[in-house]
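For the record, the sequence lines run as chains S and W. Okay, so the first sequence: first residue is 0 according to numbering that gives the first Met the number 0, each after it adds one. Okay, so the second sequence: first residue is 0 according to numbering that gives the first Met the number 0, each after it adds one. A virtual CB, placed ideally from N, CA and C, is assigned to each residue, including glycine. What follows is one structure encoded as structure tokens, with my remarks underneath.
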Amino acid sequence: MAQSVYIPRLTRGALTVWRRNWDVFFKTYQVNFLPPLVEPILYLLAIGYGLGMFVGEIDGVPYVEFIAPAMVAISIMNSAFFECTYSSFVRMYYQKTFDAMIATPLALDEVIAGELLWGATRSFIYSSVMLVVLIGFGVVDLPLSLIILPFSFLAGLLFAGIAMCFTAITPGIDSLNYPSFLFITPMLLFSGTFFPLDVLPGGLQIFARGFLPLTQVVTVTRSLTLSTFSPYFLYSIGWISILTVLFFFVSIHLMKRRLIV
Amino acid sequence: MNRNEKVLMRRDHTYTGMDARTPVIDAQDLRKTFGSFVAVNDISFSVFPGEVFGFLGPNGAGKTTTMKMIQCVSPKSGGSLKVFGREAGIYQRSIKKRLGVVPQETNLDTEFTCFENLLVYSRYFGIPKQEATGRIEELLGFVQLEEKRDVLIERLSGGMKRRLVLARALINNPDLLVLDEPTIGLDPQARHLIWEKLKVLQAQGNTIVFTTHYLEEAERLCNRLVIMDEGKILVEGSPAGLISGHVGSDIVEAEHTPEVIACIENMGVSYEVFGDMVQIFTDNPREVAKNLFDTCNPGHVFARRGSLEDVFLKLTGRALKD
Ligand SMILES: Nc1ncnc2c1ncn2[C@@H]1O[C@H](COP(=O)(O)OP(=O)(O)OP(=O)(O)O)[C@@H](O)[C@H]1O
Ligand SMILES: [Mg+2]
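Printed below as a string of structure tokens:
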């Protein structure tokens, strides 16, 4: 029937869904704002300065400046991914928020689109906070690093879309641990975050460049905070843009398949 | 004017190009399957403007499934379903704009207060904030929750939550209310309060469709109702019509003994045996009781008015469903 042909019905309605999540977030901002402030400081101190003492420089860059952009990238990934997996699942399955929404003129497409936009907004909020901390430590270049602000929204939308696909197919909330541990955690380690990609074996390097979204995001944030650009910068921007659009629509489609019964 | 008597739903049923007797809901051979399981099995019914229309049935009868199709959130598998004269599977958005929905499971936003819940919900309808705010105050008054205006949902009792869901369903001045077990899990006081509110809405001439397990509720509120079982509609009619048509106006209960059965058989009246009781359906309870006492030794005899519960049990059987 009409359901199998995907025609997105996106209007301003998605923004009212986004706004609902925004309102909840700021009702509990005391809890929400602390982690992104504390976390980068801890990492910066422990890994950047502590471990950095032994590492020294990577490609002529002090270690702390090498990992600073990676931390922004990880925060972009984590905030959108965990928002659109566990949190969205709770809203969908336990709180029945989506059911309440689609009983209004909102279509499910708009509900999911609103959730995705919200996931991206969280990436924006957390990476902005983190950026401020990093600027305070003087470990990122200005003003180029400010481009990370709009970029974090785009990259956040990518991880939100990927996350929403898992949410759409997971049988229960516990199964969401699989993508968290088997996808997010390895990516966090092997995407040129804490050490450069070229120390990886050749095959793994190609895999990271070709398939790991975090690799692309780190490439972009590092280019910006260090003001060093290679052709990989454009490649990564293109990669992210295309897959963001793809996952946006695929995740909405999978959600409709799950919820419209 | 008392604020509780304000008109909370639109009453002019002058739907574009429709006259007053055009059904608000028109279902013909409506069907819903989940895989090979048939949840709603070719049911037909019409609900007219100003009617309060009930769906009764045991667990798993297909009531919620039918409500969800009317609400345009679940696509039908067959037949036709028109709401406000438009195909439910196609004009979802324009139909949903005019619906007020109370779901079976309360799904309020627990992070928000009563007021905030209604405000957030009003945005989904695109109602401007100014207009919504006035309306919310009015609705909180209607369901007697003014004092809980700024209280978080988790601090509300079950009855208050249910009332808030009812207020939420009225936020858009709906032309049709669809309520799935509006009084589920409530104590008698809370139930009476909801009934009172529904009666106000009914008196204003609103069209209301609801499901319930409480037969008393259906008897009090419905103009017409259907009894569903296993996806099918067993009967349709007014509460009084169904009672007189299926069980007679009165019921005489006597002890179940062979002697009593023999004498009932002699009288030639319709009866049913339930455990150690036998129920005689009649329009003339005095005569039946007198007859019993005259011709046999019936033990305890008890006469009462027939109720929808008797119709329900007679039609759906006494065995536990599900
Ligand atoms: N999404 C679904 N997938 C599969 N089966 C379903 C689904 N939804 C409902 N059913 C089945 O359809 C039948 C009718 O369910 P429905 O919820 O409409 O019953 P109901 O009359 O509302 O019952 P209750 O009084 O318990 O609320 C049940 O057997 C139920 O298991
Ligand atoms: Mg139900």
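- Task: My understanding is that S:F88 touches S:T166, with C-beta atoms under 8 Å, so please give their C-beta distance in whole angstroms.
- Result: Residue 88 of chain S sits at position 89 when you count from the first residue of the first sequence. Residue 166 of chain S sits at position 167 when you count from the first residue of the first sequence. Contact holds; Cβ gap of about 5 Å.
- Item | Reference W:N171; option with closest CA among W:H299, W:S76, W:N40 and W:R97 | On the second sequence, residue 171 of chain W is found 172 positions in, with the first residue counted as 1. Minimum Cα distance to W:N171 is reached at W:R97.
- Message: So the candidates are W:Q201, W:T206, W:L175 and W:E216; which of them puts its Cα closest to the Cα of W:L185?
- Response: Residue mapping note: residue 185 of chain W aligns to position 186 of the second sequence, counting from 1. Comparing Cα-Cα distances from W:L185 to each of W:Q201, W:T206, W:L175 and W:E216, the minimum goes to W:E216.
- Task: Evaluate contact between the region 38-58 of chain S and the region 101-116 of chain S, counting only Cβ atoms and requiring at least three cross-stretch pairs below 8 Å.
- Result: no
- Message: Using a Cβ-Cβ cutoff of 8 Å, what residues of the region 17-30 of chain S are near chain W? List them in chain order.
- Response: R18, R19, D22, V23, K26 and T27
- Message: Does the CB of S:Q215 have a neighbour CB from chain W at under 9 Å?
- Response: In the first sequence, residue 215 of chain S corresponds to position 216, counting from 1. Not one chain W Cβ lies under 9 Å of S:Q215.
- Query: Rounded to the nearest angstrom, how far is the Cβ of S:G155 from that of S:R121, given a contact under 8 Å?
  - Reply: As a first step, residue 155 of chain S is located in the first sequence; it is residue number 156 there, counting from the start. As a first step, residue 121 of chain S is located in the first sequence; it is residue number 122 there, counting from the start. 7 Å between Cβ atoms; contact.
- Does the Cβ of W:H191 lie closer than 8 Å to at least one heavy atom of ligand 1? Taking the second sequence and counting its residues from 1, the one referred to as residue 191 of chain W is at position 192. The answer is no for W:H191.
- Item | Integer Cβ distance of W:R122 from S:T15, believed to fall under 8 Å | Here residue 122 of chain W corresponds to residue number 123 of the second sequence, with the count starting at 1. Here residue 15 of chain S corresponds to residue number 16 of the first sequence, with the count starting at 1. With 8 Å as the limit, W:R122 and S:T15 qualify as a contact, their Cβ atoms being about 4 Å apart.
- Query: Taking 8 Å as the line, does the beta carbon of W:T315 fall inside it for any heavy atom of ligand 2?
  - Reply: Within the second sequence, numbered from 1, the residue matching residue 315 of chain W stands at position 316. Every heavy atom of ligand 2 is 8 Å or more from the Cβ of W:T315, so no.
- Where are the alpha helix (DSSP H) runs, 4 residues long or more, that stay fully inside the region 70-143 of chain S, in chain order? 96-101 and 107-136
- Smallest Cα separation from W:L138: which of W:A302, W:C113, W:E153 and W:P22? Here residue 138 of chain W refers to the residue found at position 139 of the second sequence. Ranking W:A302, W:C113, W:E153 and W:P22 by Cα distance to W:L138 puts W:C113 first.
- Query: Interface residues of chain W around S:T261 at Cβ under 7 Å?
  - Reply: As displayed, chain S neither begins before 0 nor continues past 260, which places residue 261 of chain S out of reach and without an answer.
- Return helix, strand or coil for S:Y42, following the three-state DSSP convention. As a working note, residue 42 of chain S is residue 43 in the first sequence. In this structure, S:Y42 counts as helix in the three-state DSSP scheme.
- At 3 residues or longer, and completely inside the region 174-224 of chain W: list those beta strand (DSSP E) runs for me, N to C. 175-179 and 206-211
- Cβ of S:L105 less than 9 Å from any chain W Cβ? By one-based count along the first sequence, residue 105 of chain S stands at place 106. Answer yes: the Cβ-Cβ gap between S:L105 and chain W drops below 9 Å somewhere.
- Message: Could you compute how far the alpha carbon of W:F54 sits from the alpha carbon of W:R134?
- Response: Here the question's residue 54 of chain W lines up with position 55 in the second sequence. Here the question's residue 134 of chain W lines up with position 135 in the second sequence. Spanning the two alpha carbons is a distance of roughly 30 Å.
- Strand pairing of W:I232, partner residues [DSSP]: Position 233 of the second sequence, counting from 1, holds the residue named residue 232 of chain W. For W:I232, which the question treats as bridged, DSSP gives the partners W:M227.
- Item | Euclidean distance between Cα positions of S:N176 and S:M163 | As a working note, residue 176 of chain S is residue 177 in the first sequence. As a working note, residue 163 of chain S is residue 164 in the first sequence. Their Cα atoms are separated by approximately 14 Å.
- Where S:R146 and S:L130 are concerned, what is the direct C-alpha to C-alpha distance, given to the nearest angstrom? In the first sequence, counting from the first residue as 1, residue 146 of chain S sits at position 147. In the first sequence, counting from the first residue as 1, residue 130 of chain S sits at position 131. Checking the displayed sequence, the identity of residue 146 of chain S turns out to be Ile instead of Arg. Their Cα atoms are separated by approximately 11 Å.
- Message: Would you say the beta carbon of W:E216 is closer than 8 Å to some non-hydrogen atom of ligand 2?
- Response: As a working note, residue 216 of chain W is residue 217 in the second sequence. No.
- Spell out the partners DSSP gives W:Q27 in its beta bridges. Counting from one through the second sequence, the residue named residue 27 of chain W turns up at place 28. According to DSSP, which records beta bridges pairwise, W:Q27 is partnered with W:S79.
- Query: For W:D179, is the beta carbon positioned less than 8 Å from some heavy atom of ligand 1?
  - Reply: Stepping through the second sequence from its first residue, residue 179 of chain W is reached at position 180. Checking every heavy atom of ligand 1 against the Cβ of W:D179, one is found closer than 8 Å.
- Classify W:N116 as buried or exposed, calling it buried when 16 or more other Cβ atoms lie within 10 Å of its own Cβ. Taking the second sequence and counting its residues from 1, the one referred to as residue 116 of chain W is at position 117. Buried, by the Cβ-count rule.
- Message: If distances are taken between C-alpha atoms only, which option among W:P173, W:E195 and W:D174 comes closest to W:P181?
- Response: Your numbering for residue 181 of chain W matches position 182 in the second sequence. Comparing Cα-Cα distances from W:P181 to each of W:P173, W:E195 and W:D174, the minimum goes to W:E195.
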